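Let me begin by presenting the structure, written as structure tokens, before commenting on it.
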Amino acid sequence: AACCIGSYPDQTSGACFAGMANAPSAAPSALSDIKYYPDYDTDYEDATCLPGTMDGRPSFSSMAACCIGSYPDQTSGACFAGMANAPSAAPSALSDIKYYPDYDTDYEDATCLPGTMDGRPSFSSMAACCIGS
């Protein structure tokens, strides 16, 4: 979501937000509006993080932070697998997560992708990727 706000603020199609796992019902207007909370109602190994906030549960500024903070011992990888453009392996720390801009996709449909790619800048967060691309 941070990438969508930072890189595609004038995107009228809504494609960036629509491509998110558990996409918000309305596009947030600022990065500070985006929060995720752990789905404690689902079995630990199958659980993921959901957009929004819920009373009595921690909130996180990114889905990756929520997964690492809420499900650090999850062996199934379900939380990260629930992300749009999920990383190929669950990172063990937020500092392990890198993103690169998707220059091959039309502006109206583009986002930042997890991982690295030769010849493209690498960023430590989706927000940084969107702002720096």
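Position 124 (the sequence shown) corresponds to 119 in the numbering used here; numbering is contiguous.
Ideal Cβ positions, reconstructed from N, Cα and C, are used throughout, including at glycine.
These figures come from a predicted structure and were not determined experimentally.
Have a look at the DSSP bridge pairing and note the partners of residue i.
i, result
"Cys124", "Beta-bridge pairing links Cys124 to no other residue."
"Phe55", "Tyr31"
"Phe118", "Tyr94"
"Pro46", "Tyr31"
"Pro109", "Tyr94"
State the CB to CB distance for the pair residue i and residue j, rounded to an integer number of angstroms; the pair is presumed to be in contact (CB under 8 Å).
i, j, result
"Tyr32", "Gly47", "7 Å"
"Asp97", "Leu108", "5 Å"
"Lys93", "Thr111", "5 Å"
"Ala10", "Glu103", "6 Å"
"Ser119", "Tyr95", "Going by Cβ atoms, the distance from Ser119 to Tyr95 rounds to 11 Å, so no, they are not a contact pair."
If distances are taken between C-alpha atoms only, which option among the options comes closest to residue i?
i, options, result
"Ala59", "Thr70, Ala79, Gly51, Met49", "Ala79"
"Met49", "Glu40, Pro116, Gly72, Tyr35", "Tyr35"
"Ala73", "Tyr39, Gly114, Asp99", "Tyr39"
"Ala76", "Tyr95, Leu45, Arg115, Phe118", "Leu45"
"Ile29", "Thr70, Ser71, Asp68, Ser57", "Ser57"
"Thr37", "Gln69, Phe55, Ser119", "Gln69"
CB of residue i to nearest heavy atom of the ligand HEM: below 8 Å?
i, result
"Cys11", "Although the ligand HEM was asked about, the structure shown includes no ligands whatsoever."
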